[in-house]
Amino acid sequence: MRIALFEPEIAGNVGAVLRLGACLGAAVDLIEPLGFEWDDRRVRRTAMDYIDHVSITRHASFDAFRATVGTGRLVLFTTKTTRSAYAFEYRADDILLFGKESAGVPQSVSDICDERVRIPLRAEVRSLNLATAAALALGEALRQTGSLPG
């Protein structure tokens, strides 16, 4: 199981997702450009020493990412679908893709994803924080596939 972040903009969110990946055993792919400098101290402050326990791959573009990630399904988490992330059947080799905080992913990226799901929310709110959404999604995917650590 992998988490992929498309052009993330907030260093603290990336740090939190790296820590999540370290704790639950998921590799993290960062699809550039990033909205901050990679050596931003906020990444390490949020990830803490957990950053040393996660596999991180940076990709120069979405095309570079697609060329190197293998055969797992690309599962996009988006607010632009009605399919619940909790009614979806995950596979152990899925790649959970999250768009940038301000705009998600462009339609061209959404169009080539294998699946599109959303985390159900109350009608009066728009979306969850990126790291929170990744935690809910990864937890459910690992639970379904029997891959939770410990």
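The opening residue of the sequence shown carries number 7 in this note's numbering; numbering runs sequentially from there.
Where a beta carbon is used, it is the ideal one built from N, C-alpha and C, also for glycine.
Everything numeric in this text was worked out from a predicted model, so none of it was measured.
Looking at I9 and G27, is the spacing between their C-beta atoms short of 8 Å? Taking the sequence shown and counting its residues from 1, one reaches residue 27 at position 21. Taking the sequence shown and counting its residues from 1, one reaches residue 9 at position 3. Yes, these two residues count as a Cβ contact at 8 Å.
Taking Cβ to Cβ, would you say T138 is nearer than 8 Å to Y96? Taking the sequence shown and counting its residues from 1, one reaches residue 138 at position 132. Taking the sequence shown and counting its residues from 1, one reaches residue 96 at position 90. It is not a contact, given that the beta carbons lie outside the stated cut-off.
On the three-pair Cβ rule with 8 Å, is the segment 78 to 88 touching the segment 40 to 53? no
How close, in whole Å, do the beta carbons of A124 and T74 come, if the pair is a contact with beta carbons under 8 Å? Here residue 124 refers to the residue found at position 118 of the sequence shown. Here residue 74 refers to the residue found at position 68 of the sequence shown. Note that residue 124 is Arg in the sequence shown here, rather than Ala. Wrong, their Cβ atoms sit about 27 Å apart, outside the cutoff.
Under the rule that 16 or more other beta-carbon atoms within 10 Å means buried, what is L154, buried or exposed? Translated into positions along the sequence shown, residue 154 becomes position 148. L154 comes out exposed.
Can you tell me whether DSSP reads F42 as helix, strand or coil? What you label residue 42 is simply residue 36 of the sequence shown in a count that begins at 1. DSSP places F42 in coil when its eight states are reduced to three.
Give every residue of the same chain whose Cβ lies closer than 6 Å to the Cβ of D120, excluding the five residues on either side of it in the sequence, and list them in chain order. As a working mapping, residue 120 is identified with position 114 in the sequence shown. Counting only Cβ-Cβ distances below 6 Å, and skipping sequence neighbours, we find R79 and L80.
Any idea which residues DSSP pairs A33 with across the strands? Position 27 of the sequence shown, counting from 1, holds the residue named residue 33. Paired residue(s): R8.
Cβ shell of L36 (< 6 Å), same chain only, five flanking positions each side left out: Translated into positions along the sequence shown, residue 36 becomes position 30. Closer than 6 Å at Cβ, skipping near neighbours: L11 and R64.
Between the CA atoms of Y56 and F68 - distance to the nearest angstrom: As a position in the sequence shown, residue 68 is number 62, starting the count at 1. As a position in the sequence shown, residue 56 is number 50, starting the count at 1. Cα to Cα, F68 sits roughly 26 Å from Y56.
Taking 8 Å as the cut-off, decide whether the C-beta atoms of M7 and L148 are in contact. Residue numbering aside, residue 7 sits at position 1 when the sequence shown is read from its first letter. Residue numbering aside, residue 148 sits at position 142 when the sequence shown is read from its first letter. Against a cut-off of 8 Å, the Cβ pair of L148 and M7 comes out as a contact.
Can you tell me whether V23 is helix, strand or coil according to DSSP? Translated into the one-based positions of the sequence shown, residue 23 becomes position 17. Looking at V23 - three-state DSSP - the assignment turns out to be helix.
Range of the contiguous beta strand (DSSP E) that encloses L103: Along the sequence shown, read from residue 1 onward, the residue named residue 103 stands at position 97. First-last of the beta strand (DSSP E) with L103: I101 to F104.
Give the secondary structure of F94 by DSSP, where H, G and I count as helix, E and B as strand, and everything else as coil. Position 88 of the sequence shown holds residue 94. Looking at F94 - three-state DSSP - the assignment turns out to be coil, as it is neither helix nor strand.
Backbone secondary structure at T63 - three-state DSSP: Here the question's residue 63 lines up with position 57 in the sequence shown. In the structure shown, T63 sits in a strand (DSSP, three-state: E or B).
Is the beta carbon of R122 sitting closer than 8 Å to the one on R89? For this step, residue 122 is matched to residue 116 along the sequence shown. For this step, residue 89 is matched to residue 83 along the sequence shown. Their beta carbons are under 8 Å apart, which means R122 touches R89 by this criterion.
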